[in-house]
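Asks: Attaching a single structure in structure tokens format; questions to follow.
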């Protein structure tokens, strides 16, 4: 099955959710280092949370049949801390995740997700716990994420979410893939180079 | 908002323009790459038909996957060999300087770049590696990036970045004998938490910081990221200049004096404004050891493993997970905890002074029976200098293994791994579940001298007892 990865404006995401509980879940846990021995990201989807899944012998949320095809992940505090490996969001994305909601995210992880077009939305501990409970009560329900309204809702309930302004604009406008914007500034880059003492013999 | 800090000044020098999303396009003065996070970036570059804009500002080495026993090519692990070959090929195609095995300058990227004089005050340094914060020790703004950003830097020598707030961490006094930079940073992370630094750059300052060597300063900045701060830095001073003098890539002749003048001007002003300030007493810090599964779960060697129920609410759950995973009991002293493996090395503590301090503990003693202990120098230069000083012989005589340079068991992407439930005393930076290569292996982080003491006694030991003897 060929997967569509995020592209263009990210304004709405619809789908089923799953929950990973726990604070400070680091990128070593999301994708253990042995899977970083690769020159392409393509196989990472199957290896996401490999060690946690092995330990739970089929009972890990990423293995449960009812979560197959889910695309929204609800997590807790400081998710994605540790190593800068983009392999972590790549693995989540290739498993099928398109949106992550949590209490907070580690900075590099947040930026890596943004560079892939995956919003990392935040809410309070209380709201996240409530959302996680609702998701776990019925994993079949469909959730609608709306970036403009900063919300996610099912038929009955709606949750307010937060996103820092810069990331919001980038996702909303579809300009989250920074390369072309950065390349636009060629002349300005060259000017910056001219003014940097250490690139000009400290003149 | 901060003003007049080194962070503000260096940021201003590197600002290219404001981007529509509100982020800043920031120029990257030094881009370091290695085999793990660069191959996909080069592939993306090729797909987009882009060139490397400033190949002379990117420098490569190989560190994560290198075996430390036998570095003969091809490596016995075909995946490791493929990663290295890919990096070699990419560097060749794009005209990037590569410090490979056998070059005399290969090493863990955060060890080899400073020792070549590549890292200098006032630079912006980026690398697809979270421990890039290390280079902040020189008064650079240095931060880890993901592979998409590695691609961006290759293509444009710049990045879309949001400016961070600045927190000054002022450390008074001086570290006591047997207490090292590692203890100080573990202590700071314990105080401020593993996410306390999210959104901040950490400026480390004060008398205790000023007294640290460059290698000690690198240990501090290296672990800023473990406290959530993407970058940490220390204002450049005479210690910095003394270290850089005569290094291969350091400025020479008249340029050297001009460089010092510029570097001095970058230090945070006496009236600089910080977004937050914290002060602590370095003299009261004791050797510190982690007992749990995050670098913030540290205690002094004199303390007992905390009872999760007595911790603040938001730390209880992870503390319970940690006790269970580590199989350590609450209210037990950390001193005396039996260990299986001792690892001295990594970008945190694989430098010459780290090995030297540890060798003082080891000298004339033997590794406790049943303990597997090994030293992995951070770079080929470190290995060479250590051998010249006879440090390798001290470790070998005590029963340590002496290996070739690489990242090794810090993250176990090479054959050096914990097995099963083994517990290690490690001079590295992360004690995450499964970090050292066994899905249920366990890690206690500490200073290299403390690791040496643990190797001698077969258990967690207050290194000060061995210093006195």
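Residue numbers (my numbering), protein chains in the order written: chain Z, 332 to 534; chain E, 7 to 475. Note that CB positions come from ideal geometry on N, CA and C, so glycine has one too.
Give the residues of chain Z in contact with residue 45/E, contact being defined as C-beta atoms less than 7 Å apart.
Replies: What residue 45/E touches in chain Z: 370.
Asks: Excluding the 5 residues preceding and the 5 following residue 326/E in the sequence, name in chain order all residues of the same chain whose CB lies nearer than 8 Å to its CB.
Replies: Counting only Cβ-Cβ distances below 8 Å, and skipping sequence neighbours, we find 314.
Asks: Measure the C-alpha to C-alpha separation of residue 468/E and residue 380/E and round it to an integer number of angstroms.
Replies: So the two alpha carbons sit approximately 20 Å from each other.
Asks: CA-CA distance, residue 247/E and residue 502/Z?
Replies: Taking the straight line joining both Cα atoms gives about 44 Å.
Asks: Tell me the DSSP bridge mates of residue 104/E?
Replies: Answer by DSSP bridge pairing, in chain order: 66/E.
Asks: Would you mind sorting residue 332/Z into buried or exposed? The rule is 16 or more other CB atoms within 10 Å of its CB.
Replies: Confidence at residue 332/Z is low in this model, with a pLDDT of 47, below 50, so the placement of that residue should be treated as unreliable; the coordinate-derived value is given next. Residue 332/Z comes out exposed.
Asks: Against residue 422/Z, what residues of chain E qualify as contacts under a CB-to-CB distance less than 9 Å, listed in chain order?
Replies: None at all; the shortest Cβ gap to chain E is about 12 Å.
Asks: Taking 7 Å as the threshold (beta carbon to beta carbon), is residue 339/Z in contact with chain E?
Replies: Residue 339/Z does not count as touching chain E.
Asks: Counting only C-beta atoms, is residue 269/E closer than 7 Å to chain Z at any point?
Replies: No, residue 269/E lies away from the interface with chain Z (no Cβ there is under 7 Å from its Cβ).
Asks: When burial is assigned at 16 or more other CB atoms within 10 Å of the CB, is residue 319/E buried or exposed?
Replies: By the neighbour-count rule (16 or more Cβ atoms within 10 Å), residue 319/E is not buried but exposed.
Asks: For the segment 146-177 of chain E, which residues have a CB atom closer than 7 Å to at least one CB atom of chain Z, in sequence order?
Replies: Cβ contacts with chain Z come from 150, 151, 152, 153, 154, 155, 157, 158, 161, 162, 163, 164, 166, 168.
Asks: Can you tell me the Cβ-Cβ gap for residue 93/E and residue 131/E, rounded? I've got them flagged as a contact below 8 Å.
Replies: So it is not a contact: roughly 19 Å between Cβ atoms.
Asks: For residue 317/E, which residues of its own chain have a beta-carbon under 8 Å away from its beta-carbon, when the five flanking residues on both sides are left out?
Replies: These residues qualify, in order along the chain: 325.
Asks: Which residues, in order along the segment 113-143 of chain E, keep a beta-carbon less than 7 Å from a beta-carbon of chain Z?
Replies: Those residues of the segment 113-143 of chain E that come within reach of chain Z (Cβ to Cβ, closer than 7 Å) are 126, 128, 129, 134, 135, 136.
Asks: Distance check for residue 41/E and residue 368/Z, CA to CA, integer angstroms please.
Replies: Rounded to whole angstroms, residue 368/Z to residue 41/E spans 9 Å at the Cα level.
Asks: Any beta carbon of chain Z sitting closer than 7 Å to that of residue 29/E?
Replies: Yes - at least one Cβ of chain Z is within 7 Å of the one on residue 29/E.
Asks: Let me check one thing: in DSSP terms, what residues is residue 21/E bridge-paired to?
Replies: For residue 21/E, which the question treats as bridged, DSSP gives the partners 32/E.
Asks: Where does residue 336/Z land, buried or exposed, given buried means 16+ other C-beta within 10 angstroms?
Replies: Per the 10 Å Cβ criterion, exposed.
Asks: Quick one: what's got a C-beta closer than 6 Å to residue 475/Z's C-beta in the same chain, skipping five residues either side?
Replies: If we look at residue 475/Z and ignore the five residues flanking it on each side, its Cβ neighbours are 345, 484.
Asks: In angstroms, rounded to a whole number, what distance separates the CA positions of residue 301/E and residue 445/Z?
Replies: So the two alpha carbons sit approximately 26 Å from each other.
Asks: Can you give the Cα-Cα distance for residue 455/E and residue 352/Z, rounded to whole angstroms?
Replies: One C-alpha to the other measures close to 37 Å.
Asks: Is there a Cβ from chain Z that is less than 7 Å from the Cβ of residue 445/E?
Replies: Residue 445/E counts as touching chain Z.
Asks: State yes or no: is the beta carbon of residue 364/Z nearer than 7 Å to at least one beta carbon in chain E?
Replies: At least one chain E Cβ lies under 7 Å of residue 364/Z.
Asks: Any Cβ of chain Z within less than 7 Å of the Cβ of residue 462/E?
Replies: No - not a single Cβ of chain Z is within 7 Å of the one on residue 462/E.
Asks: When we look at the beta-carbon of residue 396/Z and count the other beta-carbons within 10 Å, is it buried (16 or more) or exposed?
Replies: Exposed, because fewer than 16 other Cβ atoms sit within 10 Å of the Cβ of residue 396/Z.
Asks: Between which two residues does the beta strand (DSSP E) carrying residue 209/E extend?
Replies: Counting along the chain, the beta strand (DSSP E) containing residue 209/E begins and ends at 206-211.
Asks: Measure how close the beta-carbons of residue 347/E and residue 401/E come, nearest whole angstrom, since I'm counting them as under 8 Å.
Replies: Not quite, the Cβ-Cβ distance comes to about 15 Å (not below 8 Å), so this is no contact.
Asks: Check residue 83/E in the structure and name its three-state DSSP category.
Replies: Residue state, collapsed to three classes: coil.
Asks: Quick check: residue 160/E and residue 58/E, are their CB atoms within less than 7 Å of each other?
Replies: Yes.
Asks: Taking only beta-carbon positions, decide if residue 481/Z is within less than 7 Å of chain E.
Replies: Answer no: the Cβ-Cβ gap between residue 481/Z and chain E never drops below 7 Å.
Asks: For residue 455/Z, is the classification buried or exposed, using 16 other Cβ atoms within 10 angstroms of its Cβ as the cut-off for buried?
Replies: Exposed.
Asks: Just to confirm the assignment: which complete beta strand (DSSP E) runs, minimum length 3, are found wholly within the segment 371-445 of chain Z?
Replies: Listed in chain order, the complete beta strand (DSSP E) runs (minimum 3 residues) inside the segment 371-445 of chain Z are 403-405, 430-433.
Asks: Which residues, taken in chain order from the segment 413-430 of chain E, show a beta carbon closer than 7 Å to some beta carbon of chain Z?
Replies: Flagged, chain order: 417, 418, 419.
Asks: Mind checking who residue 339/E pairs with in its DSSP beta bridge?
Replies: Paired residue(s): 310/E.
Asks: Taking three-plus beta-carbon pairs below 8 Å as touching, is the segment 401-419 of chain Z in contact with the segment 382-389 of chain Z?
Replies: With a cut-off of 8 Å, the segment 382-389 of chain Z and the segment 401-419 of chain Z do not count as touching, because too few Cβ pairs lie within range.
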